[in-house]
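Just below is one structure, and these are the notes that go with it.
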Amino acid sequence: MEKIVLREDLSLEDKLLACLFWTVRKTIREEGCAPLRVNRIETSTRTYKPQRRKLLKLSPILLDDIRDDMRNGRIVSFELFIGEEVLRVYIDDKSFAVSSEKSKYLEREITNKIVEEMKRKGPDFCQTFITRIMTSG
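Here you go:
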């Protein structure tokens with residue numbers, strides 16, 4: 024597992040979206056264009072899983088739950104499937120960690136890229152990514 028410290032002056036949503044975006048983007052470079060499947064999100068109050076064949080997306084209620092945990096220094100965990108790779112992501116207001124079942128190299132690639140992004144004025148991520156992981160209402 025690789026762990027990094029996040030910039031304190033960024034919004035919780037920017038931290039969350041940048042970390043998830045670069046986790047997925049770097050994994051796709053290793054695994055090819057396999058679809059992303061969020062298998063589980065665990066907050067301090069609830070475990071979220073996809074309903075039947077639907078994709079698990081960040082609804083306003085789920086996003087509020089995540090933000091509340093991050094704001095209060097509690098870790099939120101994600102289990103992501105991309106191709107044959109399984110990633111576990113842990114994030115709170117101050118830190119990000121990632122664990123890969125297949126590749127320790129991928130863990131370093133992801134954390135190195137996020138460290139680079141944290142040096143920018145604002146983290147960079149593709150705006151279309153937001154529509155892929157968040158519900159519209």
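Quick note on numbering: the sequence shown equals residues 24 to 160 in this note's numbering. Each residue gets a CB set at the ideal place from its N, CA and C atoms; glycine is no exception.
Legend entry - Reference E65, options I137, A41 and P73, closest by Cα: If you number the sequence shown from 1, residue 65 lands on position 42. Per the Cα distances, P73.
Inset, instruction - With a 10 Å radius around its C-beta and 16 neighbouring C-beta atoms as the bar for buried, classify E130 as buried or exposed. - result: The residue given as residue 130 occupies position 107 in the sequence shown. Buried, because 16 or more other Cβ atoms sit within 10 Å of the Cβ of E130.
Legend entry - Residue ranges of each alpha helix (DSSP H) within the region 64-118, 4 or longer: 83-94
Inset, instruction - Go to K127, then tell me how far its beta strand (DSSP E) extends in each direction, as first and last residue. - result: Within the sequence shown, the letter at position 104 stands for residue 127. Segment K127 to K142 is the alpha helix (DSSP H) holding K127; no beta strand (DSSP E) there.
Legend entry - Nearest to N62 (by Cα), restricted to the options R75, G55, C56 and T134: Locating residue 62 in the sequence shown gives position 39, where the first residue counts as 1. Minimum Cα distance to N62 is reached at R75.
Inset, instruction - Would you list the residues sitting across from S34 in a DSSP beta bridge? - result: Sequence index remark: in the sequence shown, residue 34 carries index 11 (1-based). Per DSSP, none; premise fails for S34.
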